[in-house]
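Student:
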Amino acid sequence: MKRFDVVALGELLIDFTQNGLSGQGNMMMEANPGGAPCNVLAMLQKLGKKTAFMGKVGDDFLGKMLAGVVADAGINTDNLKYDSEVHTTLAFVHTYEDGDRDFSFYRNPGADIMLSADEVDESIIKDTRLFHFGSLSLTYEVSRAATQKAVAAAKEAGCIITFDPNLREPLWKTLDEAHEQIEWGMKQCDVLKISDNEIQWFTGREDFDEGIKLLQNTYNIPLILLSMGRDGSRAYYGDVMAEAKPFIQENTIETTGAGDTFCACVLNYILDNGLDDLDEDKLTEMLTFANAAASIITTRKGALKVMPERSEVETLIADRTVS
-5 MKRFDVVALG ELLIDFTQNG LSGQGNMMME ANPGGAPCNV LAMLQKLGKK TAFMGKVGDD
55 FLGKMLAGVV ADAGINTDNL KYDSEVHTTL AFVHTYEDGD RDFSFYRNPG ADIMLSADEV
115 DESIIKDTRL FHFGSLSLTY EVSRAATQKA VAAAKEAGCI ITFDPNLREP LWKTLDEAHE
175 QIEWGMKQCD VLKISDNEIQ WFTGREDFDE GIKLLQNTYN IPLILLSMGR DGSRAYYGDV
235 MAEAKPFIQE NTIETTGAGD TFCACVLNYI LDNGLDDLDE DKLTEMLTFA NAAASIITTR
295 KGALKVMPER SEVETLIADR TVS
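Going by the numbering used here, 128 is the number at position 134 of the sequence shown; the sequence numbering is gapless.
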């Protein structure tokens, strides 16, 4: 019996999101704990899984606050490191009327990319069923080496390896470098979660099915999940393709964390059901739950601290079934 269900490596940061105006008409910014890998773990904890995070924050007020939030969520922080010279990474979120958003990062460098290979505790990775990572830890040489070491340890331990490119263009020196490093991630993973704009950018194919087929043929990834925002999601498993409709919310505030929530629900399904013999019905069931959970998070500010409970997701699905 392994100690953890999921271990994730990557960024833990502050998402500053606008929350009204001051009496003088200035924007008031709310400091929401965030970072895609930790968002994923927070949702997995809500679904009853045992998780651990590997990363680095600054040895400052915000870093210590983040560490406390992650621990309070039930996520193991034994391999969360502090940097005494580099501050905690910050992201300022600009939200549009439709809930979509852009990010401005304060990270040159930020503590999250200072996690080094010798700070990666391989014993934690060897004690998990599934290892998850994204591309933000691949943007800088130091954290890239840490990620490569962690993935190698996960492969050696026989873990399921999952990857979310989570492309953030401003964080890369060039998009050619982004393509190269994201391609490396695709070569490692058993499960890929990718968004509609990412698949078009990476493959150069406008048609989603063509782009996915190219990835399947090139990298032999057993399961690929495509998130399409307001158009729902798809799952590709060999020759099987399943699609699920979105749960459109009238009171959507912002979409930060929606993809991470979706990803976590998919990983939870895989942990419960395995990667073998998935058919269209099973994939549709998986996608429906993930879509519902992702829609709920769009009605809340932030992500890590406000992940939905399983009961909320099940109620939303039941309500649509009845109606």
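Glycine included, C-beta positions come from ideal geometry on N, C-alpha and C. In this text, all values refer to a predicted model and were calculated from it rather than measured experimentally.
1. Among D266, D270, T282, which one has its Cα closest to the Cα of T255?
2. DSSP three-state call for Y230: helix, strand or coil?
3. P168 to Q175, Cα distance in whole Å?
4. Does the Cβ of T122 have 16 or more other Cβ atoms within 10 Å, making it buried, or fewer, making it exposed?
5. In the DSSP assignment, find the alpha helix (DSSP H) that holds M59 and state where it starts and stops.
6. Should G68 and L298 be called a contact, given that it needs their Cβ atoms to be closer than 8 Å?
7. For T71 and D(-1), which I take to be in contact (beta-carbon distance under 8 Å), what is that distance rounded to the nearest angstrom?
8. Can you say whether L47 is buried or exposed, counting buried as having 16 or more other CB atoms within 10 angstroms of its CB?
9. How far does the alpha helix (DSSP H) with H173 in it extend, from its first residue to its last?
10. Which residue or residues does DSSP assign as beta-bridge partners of V0?
11. Under three-state DSSP, which class holds T71?
12. Mapping DSSP to helix, strand and coil, what is S16?
13. Counting only the same chain and skipping the five closest in sequence on each side, list residues whose C-beta sits under 7 Å from that of E306.
14. Going by the DSSP bridge assignment, what does M235 pair with across the sheet?
15. Quick one: any contact between the region 257 to 268 and the region 30 to 37, if contact means 3 or more CB pairs under 8 Å?
16. Please work out which residues of its chain come closer than 6 Å, Cβ to Cβ, to M301, disregarding the five sequence neighbours upstream and downstream, and give them in chain order.
17. Can you grab the Cα-Cα spacing for the pair L56 / T82, in whole Å?
18. Could you tell me whether the Cβ atoms of R138 and L132 are closer together than 8 Å?
19. Suppose contacts are defined by Cβ-Cβ distances below 8 Å. Is F10 in contact with V80 by that definition?
20. Using three-state DSSP, classify G253 as helix, strand or coil.
21. In or out: L322 buried (at least 16 other Cβ within 10 Å) or exposed?
22. Which residues in the same chain have their Cβ closer than 6 Å to the Cβ of A238, if we skip the five residues on either side of it in sequence?
23. Which value, in whole angstroms, describes the spacing of the CA atoms of L272 and D266?
24. If I'm right that T197 touches T246 with Cβ under 8 Å, what's the distance once you round it to whole angstroms?
25. Going by the CB atoms, is the gap between R199 and L186 shorter than 8 Å?
26. Which of helix, strand or coil does DSSP assign to K143?
27. Considering Cα atoms alone, identify which of L310, V63, A147 is closest to A287.
Tutor: If we stick to the structure as given:
1. Minimum Cα distance to T255 is reached at T282.
2. strand
3. Strictly speaking, residue 168 in this sequence is Thr, with Pro absent from that position. Near 11 Å, if we compare the C-alpha coordinates of Q175 and T168.
4. buried
5. 55 to 66
6. no
7. Actually they do not touch by this definition, with Cβ atoms about 16 Å apart.
8. It should be pointed out that residue 47 corresponds to Phe in this sequence rather than to Leu. Looking at its Cβ environment, which holds 16 or more other Cβ atoms inside 10 Å, F47 is buried.
9. 169 to 182
10. T45, L124
11. In this structure, T71 counts as strand in the three-state DSSP scheme.
12. coil
13. Excluding the 5 residues flanking it on each side, E306 has same chain C-beta neighbours closer than 7 Å at I290, in chain order.
14. Partner(s): Y230.
15. Counting Cβ pairs under 8 Å, three or more are found: they touch.
16. A36, M37, K40
17. 7 Å
18. Contact: yes.
19. no
20. In this structure, G253 counts as helix in the three-state DSSP scheme.
21. Absent from the model: residue 322. The displayed extent of the chain is -5 to 317, so no value can be given.
22. Excluding positions up to five away in sequence, the list reads G226, S227, T278, L281, T282, N285.
23. 12 Å
24. Incorrect: roughly 29 Å between the Cβ atoms, too far for contact.
25. No, the Cβ-Cβ distance between L186 and R199 is not below 8 Å.
26. helix
27. L310
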